[in-house]
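*Asks:* Number 136 in the numbering used here belongs to position 131 of the sequence shown; there are no gaps in the numbering.
Yeah, the Cβ is synthetic: ideal placement off N, Cα and C, and Gly gets one too.
Let me begin by handing over the structure; questions about it come next.
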Amino acid sequence: MNTLKWLVGLVLSGLAMFPSYGQFTGMDPAVTQARILPTVAAGVGAPISMTFTIGNNGDVAISGANEINQMGFNISLGKCGAVPDGLGALSSNVFTYFDVIYVDQGNGYFGFIGQQKTGVDIPAHTLIDVVISATVTQATNYSSLSYGWTGDIGASCNIIPSPTSLPEPSGNNFQFAYTRTPGQLPSDLVPIISALPSTQYGTTDFSVVVDVFELNSLATNGLIKVYLTKDPMVPLSFNPNATLVGGKLVQNDFWTFDDSYPDLYVFSTQQVIQAGGKKSFGLTGVLNPNNTRGSLTISSALMAGSGGEITIKNNSDADKIDYFKK
6 MNTLKWLVGL VLSGLAMFPS YGQFTGMDPA VTQARILPTV AAGVGAPISM TFTIGNNGDV
66 AISGANEINQ MGFNISLGKC GAVPDGLGAL SSNVFTYFDV IYVDQGNGYF GFIGQQKTGV
126 DIPAHTLIDV VISATVTQAT NYSSLSYGWT GDIGASCNII PSPTSLPEPS GNNFQFAYTR
186 TPGQLPSDLV PIISALPSTQ YGTTDFSVVV DVFELNSLAT NGLIKVYLTK DPMVPLSFNP
246 NATLVGGKLV QNDFWTFDDS YPDLYVFSTQ QVIQAGGKKS FGLTGVLNPN NTRGSLTISS
306 ALMAGSGGEI TIKNNSDADK IDYFKK
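Rendered as C-alpha cells:
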C-alpha cells in the first residue's frame, strides 16, 4: 500500500518542464532557452537547426582572467551530426567569448565543449544564441520514448559554472531540444474528473465522473488503470450497471472496481479507447459536512503506461468541492 500511495503521489505531483528564468544578482553562467526546427524532421539525412541561449544571466560580469573564473558548456548531439562536420556547424557569435572543440563522445555520438576565453569577460546580462546546423543520422525509435518525450533527435546543453561564481542558481544550467522523424506517437491518455455539485450546503447527494480521453489519435492497447482518492467525508459507491451518473454518460460495465485500499479507489479495464475517444466511469455518494464548512479535493491519476501511453505529465486531474453547513 505504501508503494502504491507513493506512485500515485508521484503522478499527482506533475512535472515542471521548460522553466523560464529571471536575472540573478551576481554572476550567473546559464542556458536559458533551447529550440529546434523543424518540429518533425523529414527523415534520415534531413537538415535540422538547434539553438541554445547561453551566457551570463546575472548582473555581474563573469571574469575570463583565468580558468578558475571561467564558465563553460557541453553540448551533446543525439541521432544527428554537425554539418559541416566540426566547428563550421556553429554560429560564429559563440567564438566571441568561448574556445570550442568538437569531440567524439563514443558510440557514434558527438558534441561541442566550450570554455570561456582567457582574458575575455562575459558582461552582465549577456546572452547569445548559439545555433547548430546538423543532419539527422538515425530515425526516431518510438518504442523507446517515455515520460512525455516526443522526440529523440537533437541535443542537450550543460553549463559548467566556474567555482568562484557560486552561489548561483543551478536551475538554469541545463536545457534540451529534440525533434523526431515521421511516425505515429503512442497513445496519450488524460483523465478529467467532474465532482458535482461543486458547492454544497448541508448533507448533499454527490457524484464523481472520470472521463479518460485519448489525445494522440491512436487507439489504446492493454490495461488501463485509474486511481481515485478517497475522502471520509464523502464515501462513494460504484454501480457496475450504471450508464448515467451526475447527468453524464458512463460505461461502468467496462470497468473493474477495487475498493480494498484505505485511501484509494482503483478502476481497471482492458477495453480499447479508440483514437480520439473516451471511456468513463462514475460513482455516487452523500457528502455530510457534520455542521462544518470548508473544502475538499478529489483527485484522479492514471497508472503510467496505461493503454500503451507514454506521456505522464498529463496523467492526473483534481476537482475541488466547497461545502457549508446548512
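Going by DSSP, which residues form a beta bridge with P52?
*Replies:* T140
*Asks:* Quick one: does I198 have its CB under 7 Å from some CB of chain D?
*Replies:* Absent from the structure: chain D. Only one protein chain is present.
*Asks:* Do N319 and V195 have their C-beta atoms within less than 7 Å of each other?
*Replies:* yes
*Asks:* The beta strand (DSSP E) that contains Y114, what's its start and end?
*Replies:* 114-121
*Asks:* Give the secondary structure of Y102 by DSSP, where H, G and I count as helix, E and B as strand, and everything else as coil.
*Replies:* coil
*Asks:* Locate the beta strand (DSSP E) running through F243, then write down its first and last residues.
*Replies:* From DSSP, F243 is part of no beta strand (DSSP E); its letter is neither H nor E.
*Asks:* Specify the secondary structure class of I59 as computed by DSSP and reduced to three states.
*Replies:* strand
*Asks:* G299 to G159, Cα distance in whole Å?
*Replies:* Whole-angstrom Cα-Cα distance: 49 Å.
*Asks:* Among L249, Y328, D236, which one has its Cα closest to the Cα of V266?
*Replies:* The sequence given here has Tyr at residue 266, not Val. The shortest C-alpha separation from Y266 is found at D236.
*Asks:* Just how far apart, CA to CA, sit F100 and G111?
*Replies:* In this structure, the straight-line span from the alpha carbon of F100 to that of G111 is close to 25 Å.
*Asks:* Since S285 and Q256 should fall inside the 8 Å C-beta cutoff, what is the C-beta to C-beta distance between them, to a whole number of angstroms?
*Replies:* 6 Å
*Asks:* Give me the DSSP bridge partner(s) of T204.
*Replies:* D327
*Asks:* Taking only three categories from DSSP, how would you classify A87?
*Replies:* Per DSSP, reduced to three states, the secondary structure at A87 is strand.
*Asks:* Runs of 4 residues minimum, wholly inside the stretch 261-319: which ones carry the alpha helix (DSSP H) assignment?
*Replies:* none
*Asks:* Given that a residue counts as buried once 16 or more other Cβ atoms are within 10 Å of its Cβ, and exposed if not, what is K84?
*Replies:* buried
*Asks:* Kindly identify the DSSP beta-bridge partner or partners of V231.
*Replies:* F272, L307
*Asks:* Using only the alpha-carbon positions, how far apart do I59 and L292 sit?
*Replies:* 54 Å
*Asks:* DSSP has F181 in a bridge; who is on the other side?
*Replies:* S161
*Asks:* Using the C-alpha atoms, what's the distance from F103 back to D193?
*Replies:* 42 Å
*Asks:* State yes or no: is the C-beta of P191 within less than 7 Å of the C-beta of I315?
*Replies:* yes
*Asks:* Could you please give me the residues that DSSP links to Y107 through a beta bridge?
*Replies:* F117
*Asks:* Only counting the same chain, and skipping five residues up and downstream in sequence, which positions put a Cβ closer than 7 Å to that of D258?
*Replies:* P245, N246
*Asks:* With DSSP collapsed to three states, give me the class of Y26.
*Replies:* With a pLDDT of 48 at Y26, under the threshold of 50, the predicted position of this residue should be treated as unreliable, though the coordinate-derived value follows. Y26: coil per DSSP, three-state reduction.
*Asks:* At what residues does the beta strand (DSSP E) containing D64 begin and finish?
*Replies:* Neither: D64 is in no beta strand (DSSP E) and is coded neither H nor E.
*Asks:* Report the three-state DSSP secondary structure of L194 (helix, strand or coil).
*Replies:* strand
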